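Top line first, the protein sequences correspond to chains Z and W. 18 is the number of the first residue of the first sequence in the working numbering; add one for each residue after it. 132 is the number of the first residue of the second sequence in the working numbering; add one for each residue after it.
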Amino acid sequence: MVERFVSDANLAAWWSATARLAAGVCIGLAAFAGLVLIFAPALDHGRFIGLPFGYFLIALATPTVLAVAIFWFADRQRGLDHRYDVIED
Amino acid sequence: MTASDASGTFRAVATLFAVAFAAGVGVLFLLGQFGLTDSALGTIFVTVSLLTVVVAGIGSRTMHTVAFYLAGRNVPPVANGMATAAAFMSAGVYLGLAGAFFTDEPAATTFTLGLSFGFVALAVLFAPYFRKSGAYGVADFLAIRFGGKAVRLVAVVVVALCLIPALAAALAAAALVATALLAISPAEALTIAVVVVLFATVLGGMQAVTLAGVIQWIVMALAFVVPVAIVSAQAFSLPVPELVFGQAREQAAALVAAVGHDLAALAGHFLLLAPTTGLGRFATLVSLAAGVSALPHLLVRSATVSDVDSARWSAGWSLLAVLVVALTAPAYAALARLAIFNDVVGTTAATLPNWVFAFAKLGLVRACGVDAVSITAVNAACHGSLTVGAGDFAVSGDAIVLALPRMFGLSYVMSALVAVGALAAVLAAANAIALAVAFALGHDLYARLLAVRASSGRHLAVTRLLIVVVVLAAAWLAAERADDAYALALGTISLSAGGLFPALVAAVWWRRANATGAVAGMITGFLATAAVVAACRYPGLAVPGWLAPRQWGLSELSAGIVGLPLGLIVIVVVSLVTAPPTKERLRMLYVIRRPGGRPLVQGGES
Numbered sequence: 018m019v020e021r022f023v024s025d026a027n028l029a030a031w032w033s034a035t036a037r038l039a040a041g042v043c044i045g046l047a048a049f050a051g052l053v054l055i056f057a058p059a060l061d062h063g064r065f066i067g068l069p070f071g072y073f074l075i076a077l078a079t080p081t082v083l084a085v086a087i088f089w090f091a092d093r094q095r096g097l098d099h100r101y102d103v104i105e106d
Numbered sequence: 132m133t134a135s136d137a138s139g140t141f142r143a144v145a146t147l148f149a150v151a152f153a154a155g156v157g158v159l160f161l162l163g164q165f166g167l168t169d170s171a172l173g174t175i176f177v178t179v180s181l182l183t184v185v186v187a188g189i190g191s192r193t194m195h196t197v198a199f200y201l202a203g204r205n206v207p208p209v210a211n212g213m214a215t216a217a218a219f220m221s222a223g224v225y226l227g228l229a230g231a232f233f234t235d236e237p238a239a240t241t242f243t244l245g246l247s248f249g250f251v252a253l254a255v256l257f258a259p260y261f262r263k264s265g266a267y268g269v270a271d272f273l274a275i276r277f278g279g280k281a282v283r284l285v286a287v288v289v290v291a292l293c294l295i296p297a298l299a300a301a302l303a304a305a306a307l308v309a310t311a312l313l314a315i316s317p318a319e320a321l322t323i324a325v326v327v328v329l330f331a332t333v334l335g336g337m338q339a340v341t342l343a344g345v346i347q348w349i350v351m352a353l354a355f356v357v358p359v360a361i362v363s364a365q366a367f368s369l370p371v372p373e374l375v376f377g378q379a380r381e382q383a384a385a386l387v388a389a390v391g392h393d394l395a396a397l398a399g400h401f402l403l404l405a406p407t408t409g410l411g412r413f414a415t416l417v418s419l420a421a422g423v424s425a426l427p428h429l430l431v432r433s434a435t436v437s438d439v440d441s442a443r444w445s446a447g448w449s450l451l452a453v454l455v456v457a458l459t460a461p462a463y464a465a466l467a468r469l470a471i472f473n474d475v476v477g478t479t480a481a482t483l484p485n486w487v488f489a490f491a492k493l494g495l496v497r498a499c500g501v502d503a504v505s506i507t508a509v510n511a512a513c514h515g516s517l518t519v520g521a522g523d524f525a526v527s528g529d530a531i532v533l534a535l536p537r538m539f540g541l542s543y544v545m546s547a548l549v550a551v552g553a554l555a556a557v558l559a560a561a562n563a564i565a566l567a568v569a570f571a572l573g574h575d576l577y578a579r580l581l582a583v584r585a586s587s588g589r590h591l592a593v594t595r596l597l598i599v600v601v602v603l604a605a606a607w608l609a610a611e612r613a614d615d616a617y618a619l620a621l622g623t624i625s626l627s628a629g630g631l632f633p634a635l636v637a638a639v640w641w642r643r644a645n646a647t648g649a650v651a652g653m654i655t656g657f658l659a660t661a662a663v664v665a666a667c668r669y670p671g672l673a674v675p676g677w678l679a680p681r682q683w684g685l686s687e688l689s690a691g692i693v694g695l696p697l698g699l700i701v702i703v704v705v706s707l708v709t710a711p712p713t714k715e716r717l718r719m720l721y722v723i724r725r726p727g728g729r730p731l732v733q734g735g736e737s
């Protein structure tokens with residue numbers, strides 16, 4: 018593992034981008050889940066795989082979306098780490 | 132061992148074990164067909180499963196500090212995800228979640244959503260920074276970031292008080308499942324559980340618990356999915372329960388409508404969720420998400436992977452591994468309700484299926500208000516009524532997972548398989564929790580505060596001794612106050628949300644936060660949450676009526692909504708009115724944030 022020299026300005030820019038990504042993921046997912054919870058009862062008229070659609074969204078789809086979102090976040094953060102050259106070799 | 136070697140080793144062990152386990156289940160099935168008794172099958176199944184964990188513990192013994200505390204910091208992300216999921220689920224998710232879907236679907240869906248958000252928060256807010264710090268636990272992490280003995284001491288107390296009820300609940304659940312499966316007394320079952328946990332933890336620490344956790348996740352995943360997939364194939368010609376339980380739910384709803392009323396209620400122990408609407412639902416979501424992300428025994432697993440990037444991916448694998456069970460749980464509930472309305476409701480006491488009497492003996496099935504332990508008992512309680520009505524019959528949520536194979540007439544091996552999976556779930560959680568508490572006491576309290584000059588060998592010896600002490604103390608609590616332990620275990624998540632989450636967020640994301648603020652925030656958040664948990668659990672406490680938490684829709688699980696904002700506010704206010712962090716502390720923060728470079732803590736030195 019080689020520790021590289023990274024300028025303070027580069028680190029500050031990387032942290033700023035990292036914080037934006039973290040805030041975006043947390044707020045975006047909270048908003049998504051909030052909308053699902055609010056509108057799920059109205060969506061229960063439709064059906065999907067035998068389940069009321071709103072119930073399907075809450076019980077099965079949203080947890081799956083959250084799991085996928087973690088991998089998406091990890092991939093984006095890895096991209097940021099490389100772009101700002103702050104990751105170890 | 133390099134990360135690549137470790138990855139290969141874990142993959143080989145996991146594959147070999149999964150194949151051997153599936154083959155073993157097949158052999159037991161054949162032995163059952165050739166006349167081996169159910170009792171013998173159950174004993175063989177449980178013995179082999181427990182011995183596997185014991186062998187993993189003995190085989191992973193180590194005298195190396197980093198291997199003992201952090202599994203050598205080279206666990207692959209997928210394996211760490213499996214071990215983290217195993218550490219998290221316990222009886223609450225494995226047995227309780229299906230029961231919660233059976234009794235209260237909105238509360239159960241809120242629980243699934245909340246825990247999923249918890250893993251998102253773990254990945255985004257804490258895991259990479261925890262890994263970079265190289266800390267041996269939450270108290271160590273906070274002490275590295277903030278400095279000073281007070282932070283470490285307060286964090287140790289909070290961690291221990293958070294986790295000991297959860298450890299007791301896991302041991303109590305292990306004893307209950309073992310008692311149900313084997314012809315042994317609860318005390319004998321508890322003793323066996325304690326011995327297995329000690330073998331799995333004392334010799335190899337995190338290295339052993341990681342290997343055991345991977346094995347236990349494989350057992351619990353197969354044990355949870357296979358029986359319900361068979362039921363799904365039998366009943367709906369498709370072995371994917373997630374795709375067919377909608378039909379089962381519809382059919383059960385039609386039967387409920389035809390009968391005119393649903394089953395009577397019988398509260399479970401493992402995941403006792405309060406009905407959630409509006410504010411209560413929001414509070415549960417926030418408390419769960421924050422609490423799960425800050426759970427000490429999950430957070431410390433972030434430090435066992437090889438680098439910061441792996442810590443993020445590992446959190447994703449953890450959630451996927453939990454969802455294998457959590458997304459299948461509704462299928463158990465729907466299929467069980469369908470089976471009960473088809474086979475129990477409207478039948479006479481004389482024709483009740485055998486599973487009713489078996490689970491009634493554990494207090495999990497009632498008819499006309501009494502445990503339905505025999506035909507005579509049911510007839511007497513129902514005053515000679517010819518048939519069992521839906522409103523007279525109650526099944527505890529705790530029984531749903533364990534009873535489903537018998538409800539659908541599957542072979543005894545499937546019943547034993549589900550029970551062995553439950554045993555794996557509770558023991559995996561017990562292993563992880565016991566380590567987290569003992570590490571806080573052994574590393575942070577003893578090695579960092581009381582005996583700084585003692586050798587690392589002595590530190591390790593004391594930590595091993597503390598594992599024994601912690602497990603025995605929790606076993607005593609499990610034996611004497613199991614109901615309190617189950618209820619307070621839900622409070623573990625809240626206490627983590629109120630006592631630890633604010634300090635952890637401030638530690639990583641706010642550079643102005645200082646040690647005084649962190650200490651004040653932890654104490655305030657923890658005490659406020661603990662007060663709400665206590666008021667929920669013991670309604671007789673002298674709390675003014677308008678302050679009674681149940682009145683506000685709060686429960687043990689959602690109590691964190693009180694402590695979390697209070698903790699955050701106190702950290703901000705106290706940090707702002709006291710001296711800012713020193714340059715040395717800020718340097719620590721910048722090193723923790725930056726993904727490159729080596730961990731701050733190397734081989735036990737911070």
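Just so you know, even glycine gets a beta-carbon here, dropped at the ideal spot from N, CA and C. For clarity, every value in this text was computed on a predicted model and none was experimentally measured.
About 5 Å separates the beta carbon of A187(W) from that of L342(W), a gap short enough to meet the 8 Å contact definition. The segment 289 to 296 of chain W and the segment 304 to 322 of chain W do not touch, with fewer than three beta-carbon pairs separated by less than 8 Å. Between E236(W) and chain Z, the shortest Cβ-Cβ separation is below 9 Å. Just measuring C-alpha positions, the residue of A414(W), G249(W), L374(W) and I598(W) sitting nearest I87(Z) is G249(W). Between the segment 26 to 35 of chain Z and the segment 91 to 100 of chain Z there are three or more C-beta pairs closer than 8 Å, enough to call the two in contact. The bridge partners DSSP lists for F65(Z) are L68(Z). Nearest in C-alpha terms to S706(W), of all of F277(W), S138(W) and H195(W), is F277(W). Taking 9 Å as the Cβ-Cβ cut-off, the segment 369 to 390 of chain W approaches chain Z at E373, L374, V375, F376, G377, Q378, A379, R380 and E381, given in chain order. The segment 527 to 538 of chain W makes no contact with the segment 200 to 209 of chain W, as fewer than three CB pairs between them are under 8 Å. In the DSSP assignment, D502(W) is bridged to R497(W). Between V185(W) and A339(W), the alpha-carbon positions lie close to 9 Å from each other. Counted as a single uninterrupted DSSP element, the stretch harbouring V526(W) is not any alpha helix (DSSP H) but the beta strand (DSSP E) occupying residues F524 to V526. At a cut-off of 9 Å between C-beta atoms, D98(Z) counts as an interface residue with respect to chain W.
For the segment 423 to 452 of chain W, the residues whose beta carbon sits under 7 Å from a beta carbon of chain Z are, in order, D438, D440, R443, W444, A446, G447, L450 and L451. Among the residues of the segment 451 to 476 of chain W, those with a Cβ less than 8 Å away from any Cβ of chain Z are L451, L454, A457, L458 and P461, in the order of the chain. Of the candidates G656(W), L635(W), W640(W) and G622(W), G622(W) places its Cα closest to the Cα of A665(W). For S247(W), the nearest beta carbon of chain Z is closer than 9 Å to its own beta carbon.
Per DSSP, reduced to three states, the secondary structure at V103(Z) is coil, with no helix or strand assignment. With fewer than three CB-CB distances shorter than 8 Å, the segment 438 to 449 of chain W does not count as touching the segment 271 to 289 of chain W. Rounded to whole angstroms, the gap between the alpha carbons of L695(W) and G245(W) is 15 Å. Nearest C-alpha to M653(W) among R283(W), T146(W), P237(W) and A258(W): R283(W). In the structure shown, V476(W) falls within a coil segment according to DSSP collapsed to helix, strand and coil. Between Y463(W) and V544(W) a beta carbon distance of about 18 Å is seen, past the 8 Å cut, so the two are scored as non-contacting. The residue from A556(W), I323(W) and L426(W) with its alpha-carbon nearest to that of F355(W) is A556(W). DSSP lists V436(W) as the beta-bridge partner residues of V206(W). Under the DSSP assignment, C43(Z) falls in the alpha helix (DSSP H) whose first and last residues are D25 to L60.
The beta carbon of T415(W) lies closer than 7 Å to those of T241, G245, T407, L688 and S689 in the same chain, with the five residues before and after it left out. For A254(W), the residues of chain Z that pass the 8 Å Cβ criterion are I87, F90 and A91, in the order they occur in the chain. Counting the other Cβ atoms within 10 Å of the Cβ of R64(Z) gives fewer than 16, which makes it exposed.
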